[in-house]
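Trainee: In the numbering used here, the protein residues as written are 66 to 404.
Next up is a structure, given as structure tokens.
Shown next, in the form of structure tokens:
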């Protein structure tokens, strides 16, 4: 099936997995409110099963997109194998996090409807980040994912550490978002577009303003560095991983990190490929420092969740190596590694 992406109506087909999961997240939230009066959180398992059905429906929609061929001009949404494979990672992370949450939600007496719906909405944000060719849409997906994760990290209201984790993640997440937005603004000022393909074309034909572009690339690298917890932008990770509910920690260490790296790889390997020499040394050092610092500090952690945090930081360093490599194999390798 061919979809002409110069027609706006066809974007609905391209976004079918995201639409399905968004609607299902609202269904889970409404059912959770309707069953709120049940004692002892008796419906938690049922709501978890309902959320898993939504994941399966979105997976079916994602499988259907393999039969779609994109035609027409450069739109904001892309249907390629990179995006579709990334969606499998996000959906699998969401499904496994829901499965390990079932007993935890009942034991900790958490609000199951809100937790499962927020997990579905965060997966929607991840899928939007991985399926777009526009920096503004990446930002929108990032915020959809992040706002849901802020709430999930602070979901256990009887635990002060959980509230602290949510607040720290929110404050530092908002701080990093500022860098990301300024990077988008400067890149737009330098190239006249937020479309990744158009940015690459502007740089290639020499019409981009070099000084503005360099600052834009640097600020975008800092914004992504916060999201992937690269050293020295990793300060929030140990405290947030330790304070968040255990299933949410697992979800953050897998799905959230995967979404950030998928967007990172697409932006830097496509939009900024022609200025590779300007950002290569920065990311090279970030990768090396992140690998070394993450592994060394993990060795002395007394708390298993903090150890998981530093292990996740170290793995971020390994994945940054693929961004630095910036070749054909390096586009596929991060997806395989993330899976």
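Virtual Cβ for every residue (Gly too), placed ideally from N, Cα, C.
The structure presented is a predicted model; accordingly, all values stated were derived computationally and were not measured.
1) May I ask you to verify whether the segment 210–219 touches the segment 247–264, counting CB pairs closer than 8 Å and requiring at least 3?
2) Look up residue 199 in the DSSP assignment and say whether it is helix, strand or coil.
3) Only counting the same chain, and skipping five residues up and downstream in sequence, which positions put a Cβ closer than 8 Å to that of residue 118?
4) Could you tell me the alpha carbon to alpha carbon distance between residue 349 and residue 96, rounded to whole angstroms?
5) So, is residue 403 buried or exposed, given that buried needs 16 or more other C-beta atoms within 10 angstroms?
6) Thinking just about the alpha-carbon of each residue, which of 267, 383, 182, 150 is nearest to the one in residue 162?
7) Let me make sure I understand the geometry here. Which of 384, 329, 195, 347 has the alpha-carbon closest to that of residue 156?
8) Looking at C-alpha atoms only, which residue of 207, 184, 185, 173 is the closest neighbour of residue 193?
9) Counting Cβ pairs closer than 8 Å, one from the segment 353–370 and one from the segment 378–395, do we hit at least three?
10) Could I get the ranges of all uninterrupted alpha helix (DSSP H) runs contained in the segment 117–144, with 4 residues as the minimum, in chain order?
11) Tell me whether residue 106 is buried or exposed, calling it buried when 16 or more other Cβ atoms sit within 10 Å of its Cβ.
12) Using 9 Å as the threshold, is the C-beta distance between residue 337 and residue 282 below it?
13) Using beta-carbon positions only, say whether residue 246 and residue 278 come within less than 9 Å of one another.
14) On the DSSP bridge assignment, give the partners of residue 260 in chain order.
15) Shorter than 8 Å, the distance from the beta carbon of residue 88 to the closest heavy atom of the ligand GTP, or not?
16) Which runs of the alpha helix (DSSP H) spanning at least 4 residues fall entirely within the segment 214–271, listed in chain order?
17) If we ignore side chains and look at the alpha-carbon of each, how far apart do residue 280 and residue 398 end up?
18) Considering only C-alpha positions, which residue in the set 292, 167, 134, 218 is nearest to residue 204?
19) So, with DSSP's three-state summary, where would you put residue 360?
20) Is it right to say residue 199 is buried, meaning 16 or more other beta carbons lie within 10 angstroms of its own, or is it exposed?
21) What number of angstroms, rounded off, separates the C-alpha of residue 355 from the C-alpha of residue 365?
22) According to DSSP, simplified to helix, strand and coil, what is residue 312?
23) With DSSP run on the structure shown, which of helix, strand or coil describes residue 105?
24) Residue 385 by DSSP, collapsed to three states: which one?
Mentor: A quick look at the data gives this:
1) Taking one beta carbon from each stretch, the segment 210–219 and the segment 247–264 have fewer than 3 pairs nearer than 8 Å; the two do not touch.
2) On the chain shown, residue 199 is found 134 positions in, with the first residue counted as 1. Note: residue 199 maps to strand in three-state DSSP.
3) For the purposes of this step, residue 118 is taken as residue 53 along the chain shown, with counting starting at 1. Within the same chain, residue 118 has close Cβ partners 89.
4) In the chain shown, the residue the question calls residue 349 occupies position 284. In the chain shown, the residue the question calls residue 96 occupies position 31. Cα to Cα, residue 349 sits roughly 48 Å from residue 96.
5) One-based indexing of the chain shown puts residue 403 at position 338. By the neighbour-count rule (16 or more Cβ atoms within 10 Å), residue 403 is buried.
6) The count along the chain shown starts at 1 and reaches residue 162 at position 97. Nearest neighbour of residue 162 by Cα position, chosen from 267, 383, 182, 150, turns out to be 182.
7) Counting from 1 along the chain shown, the entry for residue 156 is found at position 91. Residue nearest to residue 156 within the set 384, 329, 195, 347 is 195 (criterion: CA-CA distance).
8) Position 128 of the chain shown holds residue 193. Selected option, being the one with the closest Cα: 207.
9) A contact is defined here as three or more CB-CB pairs under 8 Å, and the segment 353–370 meets this definition with respect to the segment 378–395.
10) The segment 117–144 contains no complete alpha helix (DSSP H) run of 4 or more residues.
11) Reading the chain shown from its first residue, position 41 is the one you call residue 106. Below a pLDDT of 50, predicted positions are generally treated as unreliable, and residue 106, at 49, falls in that range; no measurement from the model is reported.
12) Position 272 of the chain shown, counting from 1, holds the residue named residue 337. Position 217 of the chain shown, counting from 1, holds the residue named residue 282. It is a contact, given that the beta carbons lie within the stated cut-off.
13) Working through the chain shown from its first residue, we reach residue 246 at position 181. Working through the chain shown from its first residue, we reach residue 278 at position 213. It is not a contact, given that the beta carbons lie outside the stated cut-off.
14) As a first step, residue 260 is located in the chain shown; it is residue number 195 there, counting from the start. Paired residues: 199.
15) The ligand GTP is absent from the structure shown, which contains no ligands of any kind.
16) If we require 4 residues or more, the alpha helix (DSSP H) runs fully inside the segment 214–271 come out as 225–256, 261–269.
17) Residue numbering aside, residue 280 sits at position 215 when the chain shown is read from its first letter. Residue numbering aside, residue 398 sits at position 333 when the chain shown is read from its first letter. Those two C-alpha atoms are separated by around 28 Å.
18) Here residue 204 refers to the residue found at position 139 when the chain shown is read from its first residue. When each option's Cα is compared against that of residue 204, the closest is 292.
19) In the chain shown, counting from the first residue as 1, residue 360 sits at position 295. Reduced to three states, the DSSP call for residue 360 is helix.
20) Locating residue 199 in the chain shown gives position 134, where the first residue counts as 1. The residue is buried, with at least 16 neighbouring Cβ atoms inside 10 Å.
21) Mapped onto the chain shown, residue 355 falls at position 290. Mapped onto the chain shown, residue 365 falls at position 300. Annotation: residue 355 to residue 365 spans about 16 Å, alpha carbon to alpha carbon.
22) By one-based count along the chain shown, residue 312 stands at place 247. Of the three classes helix, strand and coil, the one that applies to residue 312 here is helix, per DSSP.
23) For the purposes of this step, residue 105 is identified with residue 40 of the chain shown, where counting begins at 1. For residue 105, the pLDDT reaches just 47, beneath the cut-off of 50, and the residue's location in the model is therefore unreliable, although a value from the coordinates is still provided. In this structure, residue 105 counts as helix in the three-state DSSP scheme.
24) Numbered from its first residue, the chain shown carries residue 385 at position 320. Assignment of residue 385 by DSSP, reduced to helix, strand and coil, places it in the helix class.
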